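Working notes, structure below.
Residue numbers (our numbering), protein chains in the order written: chain A, 22 to 313; chain B, 22 to 313.
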């Protein structure tokens, strides 16, 4: 089955053609400008590919209520050109095929739970830590939406006493994870790009502290069977052992499950699909749309 | 249909007889001693009541994996007499009827979503703030279990600069909500029972701050359609407007949904079933067990 996948991001739009097994045959990337400037190229890309359905993993906030008139629209984004843009409807109208849509991180969570690090797991949380921080969750095999959809990057955390900028840099929130631990926060805090910070710099201890707190709050709230940490910041693989160690210290034995106490190396993990988690998940959203 | 409900708590066991509509006909309370001392009276209470099924909302941690050998057992509790006690199995063996079990707070969440403050809502979080703090969640109509089950009371939060005990009093965690905001924490912090603190004491501002942070982290993680706050501390009704106001301030417009921005009075609410949420939810767990 040929399917389309769109990863709609704030800086680029990644289009892919693949199948229901998560294979990707072809890929193209377009800069995210205004809808008028961007949408034509995306539709052109998908138009003659013989795809049966399209899945979109998008930046948000999105309306994901299938019964709402604005289902599939981008809603109150600060990217003003895309505010209230009917992203899903534009593709339905242009391609005349089923189109599924979810948040980028929910798509990645679905991809990882199906073909990635959590194959066959019905309860998994996927975080991206990069320019922003976001989280998607699968609970009992269903992607969590609720009233809107999670915005896990804005979870409030305890400041690290070693942090020279304990309030973080989020324009909305004092001390949320995105403002304290995304890539730009590391750079603003130390005046040097994260990539240039040596591994033994205290910056990474603080980063691990915040990401471990994030894991702890995720464990006590959602009790997932696995936590997958992706995104550009997590390309720093030395963070994984630090985050695992600190998560164990912070939990302090409270959640007494062998998956945590004995196998944390297999509990907090990098994406099995690498940077393809979102694209593969979007293909699976296309499958869901076909079956809806 | 006659059903049994057991609210199994650390200090008392509340037994009730009711029906699938949440009506409660009869109730009795027993102190929680050891299983040997306590279980006989509970079984005796339920034995001749003509109930078709029993639902249990219990303190934890519990094994809630229906495929596990120890499904329905209390597991690693610090209440040592109950450690590894097969609570569900004891009632199955004694009463020979279907027995459902979940955490006390998941039971209350189910009760509130069915007959309480969130009637007909498929996504709701229920917190109890009392001697302990715990949270239960319904996502897409399903109670969240995941790997074990949530332990939301141990979510880490930012210390309030006005707090003379910003690390809280949890023996496990530095700065978790239970250790900072349960009833005993208020008493330890101020050296006076929470009930005797006047409404204009800064203690309540700090309490509202922590409970608002808890609501914020819940909103960004689970995006529930309603948050119900119950338990002894929430009998202080003046906390509700303070928590709502502070939740709005902390979110700072980030989750732009009318249920929050315009109707927060109807979004963060006391239990519609009052202190019966757990008993009614347990009756519904009995119904689920019948249908399983």
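Even for Gly, the Cβ is constructed at its ideal location relative to N, Cα and C.
Treat the numbers as computed from the prediction; the structure is a model and nothing was measured.
> Which chain A residues are close to residue 238 of chain B, counting only those with a beta carbon under 8 Å from its beta carbon?
Replying inline: Neighbours of residue 238 of chain B on chain A, chain order: 176, 177, 238, 242.
>> For residue 290 of chain A, list the residues DSSP reports as bridge partners.
In response: Residue pairing from DSSP places residue 290 of chain A in a beta bridge opposite A:249.
> Counting along the chain, where does the alpha helix (DSSP H) carrying residue 268 of chain B start and finish?
Replying inline: Where residue 268 of chain B is concerned, the enclosing alpha helix (DSSP H) stretches over 260 to 272.
> Is there at least one Cβ from chain B nearer than 8 Å to residue 234 of chain A's Cβ?
Replying inline: For residue 234 of chain A, the closest Cβ of chain B is nearer than 8 Å.
> Which residues of chain A have a Cβ atom closer than 8 Å to the Cβ of residue 97 of chain B, listed in chain order?
Replying inline: 277, listed in chain order.
> Is there a Cβ from chain B that is less than 8 Å from the Cβ of residue 305 of chain A?
Replying inline: Interface criterion not met: the Cβ of residue 305 of chain A is under 8 Å from no Cβ in chain B.
> At a CB-CB cut-off below 8 Å, which residues of chain A make contact with residue 246 of chain B?
Replying inline: What residue 246 of chain B touches in chain A: 167, 168.
> Does the Cβ of residue 234 of chain B have 16 or more other Cβ atoms within 10 Å, making it buried, or fewer, making it exposed?
Replying inline: Counting Cβ neighbours within 10 Å, residue 234 of chain B comes out buried, since at least 16 surround it.
>> Counting only beta-carbon separations shorter than 8 Å, does residue 79 of chain B have a partner in chain A?
In response: Chain A, which has no Cβ nearer than 8 Å to the Cβ of residue 79 of chain B, makes this no.
> Within the 8 Å Cβ cut-off, does residue 160 of chain B reach chain A?
Replying inline: Yes, residue 160 of chain B counts as interfacial toward chain A.
>> Less than 8 Å between C-beta atoms, sequence neighbours within five positions excluded: which residues of the same chain meet that for residue 291 of chain B?
In response: 138, 249, 250, 251, 255, 258, 261.
> Which class does residue 52 of chain A belong to by DSSP, given the choice of helix, strand or coil?
Replying inline: Looking at residue 52 of chain A - three-state DSSP - the assignment turns out to be strand.
> Between residue 241 of chain B and residue 173 of chain A, is the Cβ-Cβ spacing less than 8 Å?
Replying inline: When the beta-carbon positions are compared, residue 241 of chain B and residue 173 of chain A come within less than 8 Å of each other.
> Nearest chain A C-beta to residue 249 of chain B closer than 8 Å, yes or no?
Replying inline: Not an interface residue.
>> For a test of the three-state rule: what should DSSP assign to residue 302 of chain B, helix, strand or coil?
In response: In the structure shown, residue 302 of chain B sits in a helix (DSSP, three-state: H, G or I).
> From which residue to which residue does the beta strand (DSSP E) around residue 36 of chain A run?
Replying inline: 33 to 39 is the extent of the beta strand (DSSP E) around residue 36 of chain A.
>> For chain A, check one thing: does any of its Cβ atoms lie closer than 8 Å to the Cβ of residue 259 of chain B?
In response: Put simply, the CB of residue 259 of chain B is far from chain A, with every gap to its CB atoms at 8 Å or more.
>> Quick test of your reading: residue 39 of chain B and residue 26 of chain B, contact by CB under 8 Å. State the CB separation rounded to the nearest angstrom.
In response: Indeed they touch by this definition, with Cβ atoms about 6 Å apart.
>> I'd like to know if residue 163 of chain A contacts chain B, where contact means its C-beta is closer than 8 Å to some C-beta of that chain.
In response: Under the Cβ distance rule, residue 163 of chain A counts among the residues neighbouring chain B, one pair being separated by less than 8 Å.
> Would the beta-carbon of residue 196 of chain A fall within 8 Å of that of residue 182 of chain A?
Replying inline: Not closer than 8 Å, so no.
>> Could you pull the DSSP bridge partners for residue 59 of chain A from this structure?
In response: DSSP, once it has assigned bridges, lists no residue as partnering residue 59 of chain A.
>> Quick check: residue 145 of chain A and residue 74 of chain A, are their CB atoms within less than 8 Å of each other?
In response: One thing to note: residue 145 of chain A has its Cβ no nearer than 8 Å to the Cβ of residue 74 of chain A.
>> Need the endpoints of the alpha helix (DSSP H) that residue 275 of chain A sits in, please.
In response: Following the DSSP letters along the chain, one finds residue 275 of chain A in no alpha helix (DSSP H), marked with neither H nor E.
> Does any residue of chain B bring its CB to less than 8 Å from the CB of residue 83 of chain A?
Replying inline: Not one chain B Cβ lies under 8 Å of residue 83 of chain A.
> chain B partners of residue 219 of chain A, CB-CB under 7 Å?
Replying inline: None at all; the shortest Cβ gap to chain B is about 28 Å.
>> For a cutoff of 8 Å on Cβ pairs, would you count residue 205 of chain A as touching chain B?
In response: The C-beta of residue 205 of chain A comes no closer than 8 Å to any C-beta of chain B.
> Which one of B:85, B:41, B:155, B:190 has the shortest CA to CA distance from residue 239 of chain B?
Replying inline: Cα-wise, what sits closest to residue 239 of chain B is B:155.
> When Cβ atoms are compared, which residues of the region 131 to 150 of chain A fall closer than 7 Å to chain B?
Replying inline: Going along the region 131 to 150 of chain A in chain order, one finds 144 with a Cβ nearer than 7 Å to chain B.
> chain A partners of residue 31 of chain B, CB-CB under 8 Å?
Replying inline: The contacting residues do not exist; residue 31 of chain B stays about 16 Å from chain A at best.
> Residues in its own chain within less than 6 Å of residue 115 of chain B by CB, not counting five upstream and five downstream?
Replying inline: So the qualifying residues of the chain are 64.
> When the Cα atoms are used, what is the spatial distance from residue 220 of chain B to residue 204 of chain B?
Replying inline: Residue 220 of chain B and residue 204 of chain B have their C-alpha atoms spaced approximately 15 Å apart.
> Taking Cβ positions only, does residue 271 of chain B come closer than 8 Å to chain A?
Replying inline: Closer than 8 Å: yes.
>> Tell me the DSSP secondary structure of residue 217 of chain A in three-state form.
In response: Three-state result, residue 217 of chain A: helix.
> How many angstroms separate the CA atom of residue 159 of chain A from the CA atom of residue 148 of chain A?
Replying inline: Whole-angstrom Cα-Cα distance: 12 Å.
> Beta-carbon separation of residue 153 of chain A and residue 171 of chain A under 8 Å?
Replying inline: Between residue 153 of chain A and residue 171 of chain A, the C-beta spacing is not below 8 Å.
> Once you ignore the five residues that flank residue 91 of chain B on each side, which residues in its own chain have a CB closer than 8 Å to its CB?
Replying inline: Sequence-distant Cβ neighbours of residue 91 of chain B in its own chain, meaning closer than 8 Å and more than five residues away, are 84, 105, 107.
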